[in-house]
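Sequence positions in the sequence shown follow my numbering and run 3 to 210.
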Amino acid sequence: MLFIHFFKSSIGKKWIMACSGSFLILFLCSHAAGNATLFHSMPLFQDYADQLHSHPLIISFLSNVLFLVFVIHIVTGVLLFLQNRKARGTGYRVQKRAVKYSQASRTMIFSGFFILLYILIHTYAVSFGDHRIISLTISYLFSSPLVILFYITSFIVLAIHITHGFWSMLQTFGVNHPKYNTLIRNLTYIVPVFFLLIFSAISLIFIF
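#1: Determine the contact status of I150 and F157, defining contact as a CB-CB distance below 8 Å.
#2: Considering only the alpha carbon of each residue, which of Y120, S170, F208, I61 lies closest to I186?
#3: Going by DSSP in three states, F152 sits in which element: helix, strand or coil?
#4: Taking the alpha-carbon positions, what's the P58 to L68 distance?
#5: With L30 and T39 assumed to form a contact (beta carbons below 8 Å), what rounded beta-carbon distance in angstroms separates them?
#6: Just the Cα atoms here: how many angstroms apart are I123 and P180?
#7: Once the 5 residues before and after I60 are set aside, which same chain residues still bring their CB inside 6 Å of it?
#8: Answer yes or no: do S113 and V80 have a C-beta to C-beta separation smaller than 8 Å?
#9: Can you tell me whether G176 is helix, strand or coil according to DSSP?
#10: Could you have a look at K181 and say whether DSSP puts it in helix, strand or coil?
#11: Excluding sequence positions up to five away, which residues of its chain have a Cβ less than 8 Å from the Cβ of L138?
#12: Straight-line CA distance for A89 to K15?
Next up, the structure:
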């Protein structure tokens, strides 16, 4: 009962978004580290994939947890968006605000759904394939310039989404102090740009 009341409140939803978002950022870090083996060679990436999928129970558990966190993050984000829109009462009509919303914050719901579309396509194209030949699957996938363009566009949208999401997460956790605000402000750009560069570079290496 207490959790239900907490979830119904705006603060509760923001905490759920922050906790699930931090988990997803950790997943992105581990995913980037694993995929970075492609910078060395395709055989090393295949070895990484083989090692990863040699523990099916662990992979199954983590996949289910990741799926659950994704669902919680998406559902809570939509509910928070609808709650905020209802509170404003006039949709996106221009109003005077004490704090000016950034472009990233105004488009969070739309960038979120675009990222969801990317995840569905990426999962269908890669995750459901034969992991014993995952390196060949990746090579074939990125042989198309249109696929590379779609992936890079998705990474740009992801970076925009994280720009506001990372800042909002830190604010929710109370990481807000004049001594660290400059570092926090820099991190809100450094973290998304890091993911943008590394994931884009992974797709671009197949061109060169």
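Using N, Cα and C, we set each Cβ at its ideal position, and we do this for glycine too. Source: prediction; values computed, not measured.
In this structure, then:
#1: Result no, Cβ atoms of I150 and F157 do not sit closer than 8 Å.
#2: Selected option, being the one with the closest Cα: S170.
#3: Note: F152 maps to helix in three-state DSSP.
#4: Counting only the Cα atoms, L68 lies some 15 Å from P58.
#5: T39 and L30 do not touch by the CB rule: their CB atoms are close to 16 Å apart, not below 8 Å.
#6: For I123 and P180, the distance between alpha carbons rounds to 42 Å.
#7: Taken in chain order, the list of residues that qualify is empty.
#8: Result no, Cβ atoms of S113 and V80 do not sit closer than 8 Å.
#9: It is coil, neither helix nor strand.
#10: K181 falls in the coil class under three-state DSSP.
#11: Excluding five sequence positions before and after L138, none of the CB atoms of its chain fall closer than 8 Å to its own CB.
#12: Approximately 15 Å, taken between the alpha carbons.
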